[in-house]
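Residue numbers (the working numbering): 48 to 242.
Cβ atoms here follow ideal geometry from the backbone N, Cα and C, with glycine treated the same way.
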Amino acid sequence: MYPKDPKAGGTWFVVDANGTVLVLLNGGIVKHEHQFLYRKSRGLIALDIICSASPKDFWHEINLEDIEPFTLVLYQDKKLYELIWDGLIKRASQLDETKNHIWSSVTLYPEEIRKKRSSWFANFLKDKNEITALDMLGFHKNTEGDDSENGLIINRENTLKTLSITQVIVSQNKSIIDYHDLVTAKEFSTAFISI
Numbered sequence: 048m049y050p051k052d053p054k055a056g057g058t059w060f061v062v063d064a065n066g067t068v069l070v071l072l073n074g075g076i077v078k079h080e081h082q083f084l085y086r087k088s089r090g091l092i093a094l095d096i097i098c099s100a101s102p103k104d105f106w107h108e109i110n111l112e113d114i115e116p117f118t119l120v121l122y123q124d125k126k127l128y129e130l131i132w133d134g135l136i137k138r139a140s141q142l143d144e145t146k147n148h149i150w151s152s153v154t155l156y157p158e159e160i161r162k163k164r165s166s167w168f169a170n171f172l173k174d175k176n177e178i179t180a181l182d183m184l185g186f187h188k189n190t191e192g193d194d195s196e197n198g199l200i201i202n203r204e205n206t207l208k209t210l211s212i213t214q215v216i217v218s219q220n221k222s223i224i225d226y227h228d229l230v231t232a233k234e235f236s237t238a239f240i241s242i
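See below:
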């Protein structure tokens, strides 16, 4: 299940029937020079990966030649991975799924701003024993709301804007996906159970 990019038909956020979650961020390690033509959209690559028997294993097999750099955050079989394609090399790292993590696209934010956004997240987490889905949504909607350049919801002169917030809550065999359309101010929610 995923929100579909109307332009290329791919997605930036997908959850499969097994509760596997895949999130796409544009860019790899550093901001790259955009080339005119790429073989396939990154959002379609994300769908190819999630549709495989094991997205983590398929990462090592998929041909990414002539694909624009990207980062994937993969949650599969209760394990968390960061998968990076920098345009030349694929990288895969297993992360501690019991820890909190935040990502910011290297194509949108220089390193100094990415560090600042990480500190916002650390401050948000401070003194909290438990974080609810509603807390996380509030963090995404309200943090640095006056900073339209680098806040968590951006609007850079109406040319580059945050259009939505997508959230998934995975617990045991149930997944709930919440999609908040910031353009129409509509919210959509759906749930499914994995057997």
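query	result
Nearest-angstrom Cα separation, counted from Gly-75 out to Asp-95	18 Å
Check whether Val-68 and Met-48 have beta carbons under 7 Å apart	no
Status (buried if at least 16 other CB within 10 Å, exposed otherwise) for Arg-164	buried
Residue from Gly-66, Leu-199, Ile-92, Ala-93 whose Cα sits closest to the Cα of Ile-160	Leu-199
Nearest to Ile-212 (by Cα), restricted to the options Ala-180, Phe-83, Phe-239	Ala-180
Cβ pair Lys-221, Ile-242 closer than 7 Å	no
Boundaries (first-last residue) of the alpha helix (DSSP H) holding Ile-212	Looking at the DSSP string, Ile-212 is not in any alpha helix (DSSP H); the run it does join, the beta strand (DSSP E), is 211-218.
Best match in Lys-175, Ser-218, Lys-51, Gln-214 for proximity to His-187 [C-alpha to C-alpha]	Gln-214
Given Gln-82 as reference, the closest of Asn-147, Gly-134, Leu-229 once Cα atoms are compared	Gly-134
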